[in-house]
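Take a look at the structure below.
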Amino acid sequence: MMMTGIGRLGLALAFSVLAMAPSASQSQEPRPEEARLRAEVKTLASPAFAGRSGEGGRKTAQHLVEAFRALKLEPLFDGQYTQPIPDNEPGRILGQNVGARIVGSDPKLRDEWIVLAAHFDHLGVREGRLYPGADDNASGVAMMLEVARAIAQSPEASKRSLMFIGFDLEEIGLYGSRYFVEHSPVPLKQISLFITADMIGRSLGGVCDPYVFVMGSEHAPGLRPWIDQAAKERPLKVGMLGTDLLVLDRSDYGPFRAREIPYLFFSTGENPTYHTPDDRPETLNYPKLEAISQVIHKLVLQAASAPTMPTWIQAPENTIGEVATVRDILRSLLENQEMFKIGVAQLYLLNNTVRTLDAIVERGSITSTERATMVNVARLVLITIL
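Per the UniProt record's numbering, the sequence shown starts with residue 1, numbered consecutively.
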């Protein structure tokens with residue numbers, strides 16, 4: 001059928017509108033992507049990286065240097081991407097942190113720094129067996145690199161300055177992050193927020209599937225609306241917990257916490273493959289890793305451009321949401337009691353605690369004595385069941 005003149009004109013107009021409209025890939029801001037996260041985890045957890053210890057650790061450090069260089073990020077340490085960590089023995093190097101930076105565009109805010117970090121070391125090869133460390137902590141490193149890529153490729157300039165860091169030697173007492181804090185490339189008072197992630201690709205005990213846990217907001221409550229907004233409409237439950245639920249500092253937030261620098265620690269918790277040769281890339285939940293990475297990306301963007309930053313408060317401010325999260329964790333354990341081989345005494349404790357926490361959530365407030373009891377039960381569960 002022949003096209004009329006009006007038809008030709010309409011078609012031409014339609015094509016011109018389509019030509020001017022940005023494509024989905026052009027209009028969408030860069031953000032962390034599942035395929036890239038999956039590829040990075042697979043690389044870091046491969047035999048070529050030897051469990052990221054010894055020669056594998058050195059190879060990983062160089063891998064991060066090359067990744068930062070490819071993104072055209074500036075070196076963080078006096079013109080170098082690496083920060084050697086010396087041993088007590090003169091001339092001997094234990095490991096190296098790797099870092100890059102983006103200097104902020106705002107003349108007033110560029111002296112404030114947002115730090116995003118993840119440790120890259122793991123357990124290496126022991127008795128001939130490879131410990132791949134896919135969740136611990138290739139997942140966190142993949143997130144950090146993807147957030148760095150998304151921000152580096154964004155046309156929007158960051159007002160505050162940003163650091164992206166891979167810490168070494170976390171597995172032997174947070175040695176890399178401790179050294180960084182003692183030899184920071186900027187005065188510590190200029191670090192407005194430290195964010196780290198350790199094990200963000202699985203679920204606590206293998207049963208708390210929807211959850212990612214975030215610690216640290218109890219000392220900077222102003223961060224909570226940002227976290228809620230960043231997680232909005234994502235397939236996640238964000239459980240904001242007090243850091244004191246853990247007996248010891250379990251990751252690189254510790255040295256920053258000790259210096260009263262606002263921090264956020266993201267983790268999906270220990271799972272059945274934790275610190276075993278079975279912590280392999282194929283065991284990770286990559287859609288979940290993508291969702292968590294995108295939440296952290298949005299948080300960094302928010303912090304990079306906010307007029308003011310939430311500040312440290314000495315007395316922690318915990319919420320009733322924490323109680324609901326702990327209750328949900330304990331309930332998940334009860335629903336899987338056979339898998340965890342929960343004994344009679346443990347079963348009695350868990351059931352009583354869940355009933356108590358239900359009542360507290362219903363009431364909408366918790367006393368300091370009730371919270372202390374909840375913390376003790378949570379610690380006991382972490383040690384004896386999970």
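By construction, the Cβ of each residue, glycine as well, lies at the ideal position given by its N, Cα and C atoms.
Buried or exposed: residue i, going by 16 or more other Cβ atoms within 10 Å of its Cβ?
i       : result
Glu-322 : buried
His-183 : exposed
Phe-101 : Reading the sequence as shown, one finds Arg at residue 101 and not Phe. Result: buried.
Val-247 : exposed
Met-339 : exposed
Glu-89  : exposed
Thr-82  : buried
Lys-108 : exposed
Gln-153 : exposed
Asp-78  : exposed
Ser-177 : buried
Just verifying my parser: in three-state terms, what is the DSSP assignment at residue i?
i       : result
Trp-226 : helix
Thr-283 : helix
Ala-148 : helix
Ile-6   : Reliability of the predicted coordinates at Ile-6 is poor, the pLDDT of 39 falling under 50, and the value obtained from them is presented with this limitation in mind. Note: Ile-6 maps to helix in three-state DSSP.
Ala-21  : Bear in mind that a pLDDT of 43 at Ala-21, under 50, signals an unreliable position, so the model cannot answer this.
Thr-353 : helix
Asn-271 : coil
Val-186 : coil
Lys-232 : coil
Asn-97  : strand
Thr-276 : coil
Phe-15  : Bear in mind that the predicted position of Phe-15 carries a pLDDT of just 39, short of 50, making it too unreliable to give a figure here.
Gln-314 : coil
Going by C-alpha distance, which of the options is nearest residue i?
i       : options                            : result
Ala-134 : Ile-313, Gly-364, Thr-276          : Thr-276
Ala-372 : Gly-364, Ile-102, Thr-353          : Thr-353
Arg-327 : Glu-89, Asp-121, Val-381, Arg-126  : Val-381
Leu-76  : Ser-293, Gly-54, Val-103, Ala-230  : Val-103
Arg-224 : Pro-310, Leu-204, Pro-235          : Pro-310
Arg-202 : Ile-165, Pro-272, Gly-166, Leu-349 : Pro-272
Leu-349 : Val-377, Val-361, Thr-369          : Val-377
Val-125 : His-219, Glu-156, Gly-54           : Gly-54
His-119 : Gly-57, Arg-69, Arg-92, Ala-70     : Gly-57
Pro-210 : Ala-306, Arg-234, Leu-193, Asp-198 : Arg-234
Gly-173 : Glu-40, Thr-43, Tyr-253            : Tyr-253
Ala-303 : Glu-127, Ala-35, Ile-151           : Ile-151
Just to check my reading of the structure: residue i and residue j have Cβ atoms closer than 8 Å, yes? What is that Cβ distance to the nearest angstrom?
i      : j       : result
Asn-97 : Asp-168 : 6 Å
Cα separation between residue i and residue j?
i       : j       : result
Glu-146 : Glu-112 : 22 Å
Ile-329 : Gln-80  : 44 Å
Asn-351 : Leu-334 : 8 Å
Ser-251 : Asn-137 : 11 Å
Pro-287 : Ser-267 : 15 Å
Pro-47  : Leu-130 : 7 Å
Ser-332 : Thr-325 : 11 Å
Glu-156 : Asp-121 : 32 Å
Ile-165 : Gly-222 : 24 Å
Using 8 Å as the cut-off, classify the Cβ of residue i as near or not near the heavy atoms of the ligand PLP, replying yes or no.
i       : result
His-119 : No copy of the ligand PLP appears in this structure; indeed no ligand is present at all.
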